[in-house]
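Worksheet: the structure to be examined is printed underneath.
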Amino acid sequence: MITYEIPEILKKYEDTIRKTYRYSNEISFKREETKPWESKLGGCPYLKALEEYPLDEDGDPMLFLAQINISDLEKMDELPEKGLLQFFVMNDDMFGLDNPIVVKYIENYEEDERFLIKENPYENNKEYKSNLPFSHYGKMYFETREMPISSSIDLFEEIFKDELTEEEYEKLSDDCYSCDSRVGGYPYFVQNDSLGFDDEDFLLLQLDIDDECDIMFGDSGNCVFSIPKDALRNRDFSKVVYDWQCC
Numbered sequence: 016m017i018t019y020e021i022p023e024i025l026k027k028y029e030d031t032i033r034k035t036y037r038y039s040n041e042i043s044f045k046r047e048e049t050k051p052w053e054s055k056l057g058g059c060p061y062l063k064a065l066e067e068y069p070l071d072e073d074g075d076p077m078l079f080l081a082q083i084n085i086s087d088l089e090k091m092d093e094l095p096e097k098g099l100l101q102f103f104v105m106n107d108d109m110f111g112l113d114n115p116i117v118v119k120y121i122e123n124y125e126e127d128e129r130f131l132i133k134e135n136p137y138e139n140n141k142e143y144k145s146n147l148p149f150s151h152y153g154k155m156y157f158e159t160r161e162m163p164i165s166s167s168i169d170l171f172e173e174i175f176k177d178e179l180t181e182e183e184y185e186k187l188s189d190d191c192y193s194c195d196s197r198v199g200g201y202p203y204f205v206q207n208d209s210l211g212f213d214d215e216d217f218l219l220l221q222l223d224i225d226d227e228c229d230i231m232f233g234d235s236g237n238c239v240f241s242i243p244k245d246a247l248r249n250r251d252f253s254k255v256v257y258d259w260q261c262c
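Going from the sequence shown to the working numbering is simple: count from 1 and add 15.
Here is the structure:
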């Protein structure tokens, strides 16, 4: 597990910092073939029939960004015990910003490829491929992390701004720079906390810059999918909010 070692300059605030800790599953990517039910970046989502693939209001295929097999994750008590999460956004050159998204939860799935679609039905669509925020598909690998609050969310300033000296605040802010891809934990906003992420929200997925699969949203940007914890408890994924930002 990845842990945060509190530096000496911040030791007197250890209790306050530790109260912000959340578990996350940090994601790394490998350009490897994946089974239909595995955690993946792009490629073909778990599908039993072509009709299951989400289309936008004009009948065009949405962009499939990622699939998470929940059984791959650790210390994610807020999530269901099993199932697949699939993330789709509008197929345009703005990665679906300000447009409807689809996050599908598939509780029960089978692992017999004979009855599953193995290739993305829009694999050879030039517009589809050109609008993806990555150049290569990949398999996801996860490592558990105990992370302090992200310095890019408004809640960080609310907790620490008036309590720490300027030097201490800058040190903690640098330490809590929470880029990289993950499930759970805290998001990193390139520009500002547009979603108002707080204690009652859960980070379903963050996709950040990655060299292995050439992930990038715009100019050095990333994307965030967040859901209120009460909606997550009710398995209401229609309440997921999405944003991406770049420099």
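For each residue, glycine too, the CB sits at the ideal point set by N, CA and C.
Are residue i and residue j close, meaning C-beta to C-beta below 7 Å?
i      : j      : result
PHE44  : GLY153 : yes
MET91  : GLY199 : yes
SER241 : LEU218 : yes
VAL118 : PHE252 : yes
TYR120 : LEU100 : yes
ASP226 : CYS261 : no
PHE102 : MET77  : no
SER150 : ASP229 : yes
LEU25  : LEU187 : yes
TRP52  : TYR137 : no
GLU29  : ILE17  : no
ASP213 : LEU179 : no
ASN106 : ASP75  : yes
CYS194 : TYR184 : no
DSSP beta-bridge partners for residue i?
i      : result
ARG37  : MET162
ALA64  : DSSP output for ALA64 lists no bridge partner at all.
LYS55  : GLN82 and LYS154
ASP258 : VAL239
PHE102 : ALA81 and VAL118
ILE230 : ASP225
PRO22  : Paired residues: none, contrary to the question.
ILE17  : ARG160
PRO76  : LEU70
Classify residue i as helix, strand or coil using the three-state DSSP reduction.
i      : result
SER235 : coil
ILE42  : strand
ILE116 : coil
PHE276 : What the structure shows of the chain is the stretch from 16 to 262, and residue 276 is not part of that stretch, so it cannot be assessed.
ILE132 : coil
LEU70  : strand
ILE168 : coil
LYS144 : helix
TYR124 : coil
LEU247 : helix
GLY30  : As written in the sequence, residue 30 is Asp, which differs from the Gly given in the question. Of the three classes helix, strand and coil, the one that applies to ASP30 here is helix, per DSSP.
ASP92  : coil
ASP108 : coil
Should residue i be labelled buried (16 or more other beta-carbon atoms within 10 Å of its own) or exposed?
i      : result
TYR192 : exposed
LEU247 : buried
GLN206 : exposed
THR49  : buried
ALA64  : exposed
MET162 : buried
ASP216 : buried
ASP208 : buried
ASN249 : exposed
LEU220 : buried
MET155 : buried
LEU94  : buried
Nearer than 6 Å: is that true of the beta carbon of residue i relative to any heavy atom of the ligand NAD?
i      : result
SER235 : Here there are no bound small molecules, and the ligand NAD is not part of this structure.
Quick check on the DSSP output: what are the complete beta strand (DSSP E) runs of length 3 or more inside the segment 172-224, in order along the chain? 197-199 and 216-222
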